[in-house]
Structures are given as C-alpha cells and as structure tokens.
Amino acid sequence: MRKHRTSHRSIGGKNFVILPIIFCVLIIGISTAIVYPSTSSFISMAKLFFSDGEKDFSTRYNNIFVPVEEDEDEGKEQTTEERKVIPMSTMKFPSYGDQFGELIIEDCQIEARLFFNDGANELNNGVGMYTGSSIPGYGKTILVAGHNNTFFNGLKYAKKGQKVKIRTSYGNYVYEINDIQIRDENDESACNLKADYENLVMYTCYPFDELGLTPQRCFVYAKFISGPALDKKN
Amino acid sequence: MSDSGKKFNIKSLIYGFLSFMLGFVLFLLSICLVLRLTFFSQDFMLDSMANTGYYEMVKDELCDKLKNLGHASGLPDEFFDDFVDDIDIVEVERNYVSAFYTDVSTLVDTDTFKQELMDAINVYIDEKNIDKEKAKEENLGYFIDEASSIYVKSVTVSFFSILANYINKLDSPLRMTEIGLGAAALIIAAIIFFTNRYVHRRYRYLTYGLGGGFLSVIVIPIVVFASGIIPKVNLTTRSLYNLFVGYFNSMFMYFWIFSAILLFLAVLCFFVYRTKYLKAIGD
Chain A
121 MRKHRTSHRS IGGKNFVILP IIFCVLIIGI STAIVYPSTS SFISMAKLFF
171 SDGEKDFSTR YNNIFVPVEE DEDEGKEQTT EERKVIPMST MKFPSYGDQF
221 GELIIEDCQI EARLFFNDGA NELNNGVGMY TGSSIPGYGK TILVAGHNNT
271 FFNGLKYAKK GQKVKIRTSY GNYVYEINDI QIRDENDESA CNLKADYENL
321 VMYTCYPFDE LGLTPQRCFV YAKFISGPAL DKKN
Chain B
563 MSDSGKKFNI KSLIYGFLSF MLGFVLFLLS ICLVLRLTFF SQDFMLDSMA
613 NTGYYEMVKD ELCDKLKNLG HASGLPDEFF DDFVDDIDIV EVERNYVSAF
663 YTDVSTLVDT DTFKQELMDA INVYIDEKNI DKEKAKEENL GYFIDEASSI
713 YVKSVTVSFF SILANYINKL DSPLRMTEIG LGAAALIIAA IIFFTNRYVH
763 RRYRYLTYGL GGGFLSVIVI PIVVFASGII PKVNLTTRSL YNLFVGYFNS
813 MFMYFWIFSA ILLFLAVLCF FVYRTKYLKA IGD
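Just so you know, the protein sequences line up as chains A and B, in that order.
This note's numbering puts the first residue of the first sequence at 121, with every later residue one more than the last.
This note's numbering puts the first residue of the second sequence at 563, with every later residue one more than the last.
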C-alpha cells in the first residue's frame, strides 16, 4: 500500500500540467517582449484596417423618406421672411447612402429617388446629392448628380422656367430652372458651394445619348421658389 | 540537504531548462513552418482564392463596376454581361499571383483587355446601327481607359505588392531559420535523451517540452479567434474581404494542426514515460 502511494505521487501528474503552462507563459512572454518593440508601429497601423463590426457589402439602401402633404402655397415664390421654419432637431438627418427624398421635373419626365451621397450605388438607384453641399432648406447650394443615360437623361429637355420639385420627409421644395451651361468636367467654377443663398445645381455628363465617356458636363441651375427653412440653431 | 539531493535539484533544473528550450524552439519552428506553408506558398494563395470563390466574385464585381461606367457611357448592362463572361479571370489572377512569387513584374496586362473591349464596342455599334457622330473616338478612348483602370483595380490584390517584397527577401532567411530551429530541436531532444541514465526521465522531460510547445502554439489561434478581429477587417470589396478571412482562417488551421501534432507527441511521450516508470519501480 505504501509503495503504491509513493509511486502514484512520484509519477508527477501535476508537473505534466503545471510545467507546460509555465513554459507557455514564459515562451509567449519572451516572444512578445522580443517582437513587440520592433512591430508596435506596424501593429498600430494594422489596427486602422479593422473596424468595430463586420462590414456590410449589401447594395441595399436605407430609405428614410416619408412624403409629407403639399402646402397650399407650394410653388409660390417666398421671401426669407415668408418661409416656414423647421427646427433641425425635429428632422432626421440622412446618413451616407440614405434615400431622403425624391426629385421631380415633370417637364423633363424626371422622377428619381434622391440620395445623400453621389457614389455608384446611389447613382444606380436614383440621383445623388454631393455630401459637401447642403440639404434642401439649409439655405445654401444643393449639388445633385445623376447619370445621363438613366435618371438624368431627361435633363436634355431642361429649359429655363421649368419647375423642379424636391420632396423630403421634413418639407417639399420647389426650384425654378434659371440657367443651363455646358462646362468642362474639371471646371471648378461651375458650381459655387459657398453661396449663402439657397439654390439647386443639377449636373450630368454631356452630350446626351453618346457612346463613351464625355469630358463635358451639363449643369442645370435652379433658384429657390418655396419650401421650409431649417433652423440651424434648434 | 545531502549532496545527492543538491545534485538531483541542479540536474532537474538543467533538464527543466532544456525542456523549456525545446518547447521554445518547437514554438518558433511551428511559426516558421506555418509561414512557409501559407504566406510563402503560391499554392496556398491560389487555393485560398479558389476556395473563397474569389474568381467568381471578382468577375461579378468587375461586371458591376463596368455597368456603372456604362450608365454614364450609353452602354446597356447586357453588353457587359457578355463582355465580362469572355474574360478568363482565373488565368489573369494566376499570372498575377505567380508574378509575386517568382519576382517578375506584377503589372497587369491591359492591352488585350482594351483591344477586346474596343472590338466588342465596334460590334455593338454595327449591330445597333449607331451613328458615327454618336460614337466619337475620343469619348470611346476615354471610356476604354477608365474601364481598363477599373479592370486593373479589380484583378489586383490590395497591399500584395508590399507583401511580395517581403516574400522574396525573406524566403532564404526563413529557410535557414527553419533548418537552424529543426537542428536545435533535435540537438536538445538528443541531449535530454542520451544524457539521462533513466529511460523514464528522458520521456518526462521530452513531455514537458512538447507540452509547453503545444500550449504556446495553440494560444495563437485561440487568441485570434476569441478576439474576433479577422471578420472585422475593413476592405473595400467583398471578394477581397472573403479572400482575407478565408486566407487567415486557413492559416490558423495550420496552427491547430501543428499544436495537434505536438499534443500527440506529448501524450505519446507521457505514456511511454508512465510505462517505463511503472516498470522501473516494479523492478
């Protein structure tokens, strides 16, 4: 019995677990201490390539557009004082890629979803607002792009005096086309994003219905007619 | 403590240290072998591409991007469905990947792509009887250049050109390191084996070293999978994302395999030790 107890204890069962664990801790510790100083900058840089969650590659878009009823005086030219004011805190500001409204030019047979961003996915599904410009009601320039063979093909029928409607969840806006210009694609003066008055600029590739990529752009300018103003302070 | 007791403790410490060194060397050797079988292997890259459906996804993405370009260029979606179908993406990708591992130019050949696209457009113009005025040469040239640029971006793998530099420069040093570590592991194991008078002790110290190596190797995939970092990588396309996730999952599979090998050897040594030890005390 004594012999059996002794032999069982000295087989060293615990050592076969404890020693490998100690070795593992030492190996990982030493390796980290050796490798980390020379790779810490690389590790910090690598962290930039990872986000908090898994990336969503779906091409579906979020639609936050809920039409609101038309005002009685919609389309009647309004001065700044006559405009209804909406606190910005009461509206839902769109995120990148959201459909937040629709753009309609009845005379040009254009009726397109309006997106917040003008990337490939947005322009496949409608027309897109350049996010460096402003949303309707903000009192600045709204720059909207569309493909000339799809949603903005109708801009070839654009004429001065035609009405452009933009419907959003927080109000309906009307603009009137007051100029059409053909500009070079690199002409930065074609659109004044710093304007301190509300105006709409729509553009697409030009000439229309041509095969291939064209270096010119058709810019359609429209002045503000009616629609609520956004109160930036509230 | 008696002299024999002190001697026994010093001997235990020395053999304990040798076991630790064996574990460390096996850990480093496992990492080197995993790198050899994955990061430094052209076949592993090509297998990852095939297993993650990379070729099909690249083809779909290229088609979608060209269709987007077509929306601004007057070409219908069907035109690109037919055109992209004829491109041998597998061949293009294989040549591209091979170039990295053989240290030749990794530039993607766009001449064939441009010529085939031009031919397809000419056929389309003839079929649709499109007026020459509506298909100006400069506009088509601009379109083909843009399409070619999209093609190059679609078939190239981001950051691969940077990694290729390391693959080519580190190949020989890695081989030397593998040989060195392999030799070191054998020497340490031989010292443990041939300098111990008792057979069971030989296997005991080998078990410690193999056990330590096993735990150290298995910690790597456990930490990576537990952190869930791999699926959170921020890559621009689904094809690259799937390739990255598939590539690293397969890479960490090799860590599991090497740890399983070390565990098997450790368990084997333990049972040999136990048998020899019980036999020794029985005698």
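Note that CB positions come from ideal geometry on N, CA and C, so glycine has one too.
These numbers were taken from a predicted model, which means no experiment stands behind them.
Supposed contact pair residue j and residue i - C-beta distance, whole angstroms, cut 8 Å
| i | j | result |
| --- | --- | --- |
| V294 of chain A | G195 of chain A | 5 Å |
| I286 of chain A | L234 of chain A | 6 Å |
| I302 of chain A | Y326 of chain A | 6 Å |
| G742 of chain B | L588 of chain B | At roughly 13 Å, the Cβ-Cβ gap does not stay under 8 Å, so G742 of chain B and L588 of chain B are not in contact. |
| G257 of chain A | P187 of chain A | Not quite, the Cβ-Cβ distance comes to about 16 Å (not below 8 Å), so this is no contact. |
| T324 of chain A | G266 of chain A | 5 Å |
| G281 of chain A | I297 of chain A | 7 Å |
| K283 of chain A | N319 of chain A | Actually they do not touch by this definition, with Cβ atoms about 14 Å apart. |
| L580 of chain B | I750 of chain B | 6 Å |
| N701 of chain B | G332 of chain A | 3 Å |
| L805 of chain B | S610 of chain B | 6 Å |
Rounded C-alpha distance that separates residue i from residue j
| i | j | result |
| --- | --- | --- |
| T718 of chain B | G246 of chain A | 30 Å |
| E133 of chain A | L772 of chain B | The amino acid occupying residue 133 of chain A in the given sequence is Gly; Glu does not appear at that position. Roughly 15 Å separates the two Cα atoms. |
| A842 of chain B | A745 of chain B | 31 Å |
| L350 of chain A | I206 of chain A | 5 Å |
| I819 of chain B | A828 of chain B | 14 Å |
| E378 of chain A | I345 of chain A | Residue 378 of chain A cannot be examined here, being either before or after the span of chain A that is shown, 121 to 354. |
| D852 of chain B | A612 of chain B | The requested residue 852 of chain B is not part of the displayed model; chain B covers only 563 to 845. |
| D299 of chain A | G248 of chain A | 20 Å |
| S253 of chain A | G615 of chain B | 40 Å |
| E201 of chain A | K353 of chain A | 17 Å |
| Y770 of chain B | D647 of chain B | 58 Å |
| T251 of chain A | Y216 of chain A | 8 Å |
| K715 of chain B | V781 of chain B | 37 Å |
| R125 of chain A | S151 of chain A | Per-residue confidence for R125 of chain A stands at a pLDDT of 45, beneath the threshold of 50, marking its modelled position as unreliable; no derived number is given. |
| I147 of chain A | Y760 of chain B | 28 Å |
| A278 of chain A | C228 of chain A | 6 Å |
| A310 of chain A | P335 of chain A | 14 Å |
| Y809 of chain B | M607 of chain B | 7 Å |
| M738 of chain B | F602 of chain B | 14 Å |
| E695 of chain B | F339 of chain A | 22 Å |
| I141 of chain A | P157 of chain A | 25 Å |
| S660 of chain B | I706 of chain B | 27 Å |
| A793 of chain B | V785 of chain B | Correcting the residue type first, residue 793 of chain B is Pro in the shown sequence and not Ala. Rounded to whole angstroms, P793 of chain B to V785 of chain B spans 14 Å at the Cα level. |
| Y803 of chain B | F170 of chain A | 11 Å |
| F143 of chain A | S164 of chain A | 28 Å |
| I823 of chain B | E174 of chain A | 33 Å |
| D688 of chain B | I230 of chain A | 30 Å |
| N655 of chain B | Q604 of chain B | In the sequence on display, residue 655 of chain B carries Glu and not Asn. Distance between the alpha carbons of E655 of chain B and Q604 of chain B: 12 Å. |
Which residues DSSP lists as bridging residue i, in chain order
| i | result |
| --- | --- |
| E296 of chain A | A:K283, A:K343 |
| G578 of chain B | Its beta-bridge partners do not exist; DSSP assigns none. |
| C325 of chain A | A:R337 |
| I163 of chain A | For I163 of chain A, which the question treats as bridged, DSSP gives no partner whatsoever. |
| V205 of chain A | A:A349 |
| T288 of chain A | A:G221, A:G291 |
| F170 of chain A | B:V795 |
| Q198 of chain A | According to DSSP, which records beta bridges pairwise, Q198 of chain A is partnered with nothing at all. |
| Q301 of chain A | A:F339 |
| L146 of chain A | L146 of chain A pairs with nothing; no bridge assigned. |
| N183 of chain A | A:Q219 |
| N804 of chain B | Bridge partners of N804 of chain B: none, in fact. |
Counted within 10 angstroms of its Cβ, other Cβ atoms place residue i as buried (16 or more) or exposed
| i | result |
| --- | --- |
| F291 of chain A | For the sequence presented, residue 291 of chain A should be read as Gly rather than Phe. Buried is the call here. |
| K627 of chain B | buried |
| M815 of chain B | exposed |
| L748 of chain B | exposed |
| D329 of chain A | exposed |
| E618 of chain B | exposed |
| Y181 of chain A | buried |
| K621 of chain B | buried |
| L584 of chain B | buried |
| I154 of chain A | exposed |
| R766 of chain B | buried |
| V779 of chain B | buried |
| P735 of chain B | exposed |
| Y835 of chain B | buried |
| I724 of chain B | exposed |
| A788 of chain B | exposed |
| S821 of chain B | buried |
| T210 of chain A | exposed |
| K731 of chain B | exposed |
Chain-ordered chain D contacts of residue i [CB-CB under 7 Å]
| i | result |
| --- | --- |
| A240 of chain A | You won't find chain D in this structure, because its protein chains are A and B. |
beta-carbon residue i near the ligand NAD non-hydrogen atom, thresh 8 Å
| i | result |
| --- | --- |
| S151 of chain A | Looking at this structure, you won't find the ligand NAD or any other ligand, since it has none at all. |
At what residue ranges does the stretch 210-271 of chain A contain a whole run of the alpha helix (DSSP H), taking only runs of 4 or more? 240-245
Would you mind listing the beta strand (DSSP E) stretches within the stretch 714-783 of chain B that are 3+ residues and don't spill past its ends, in chain order? none
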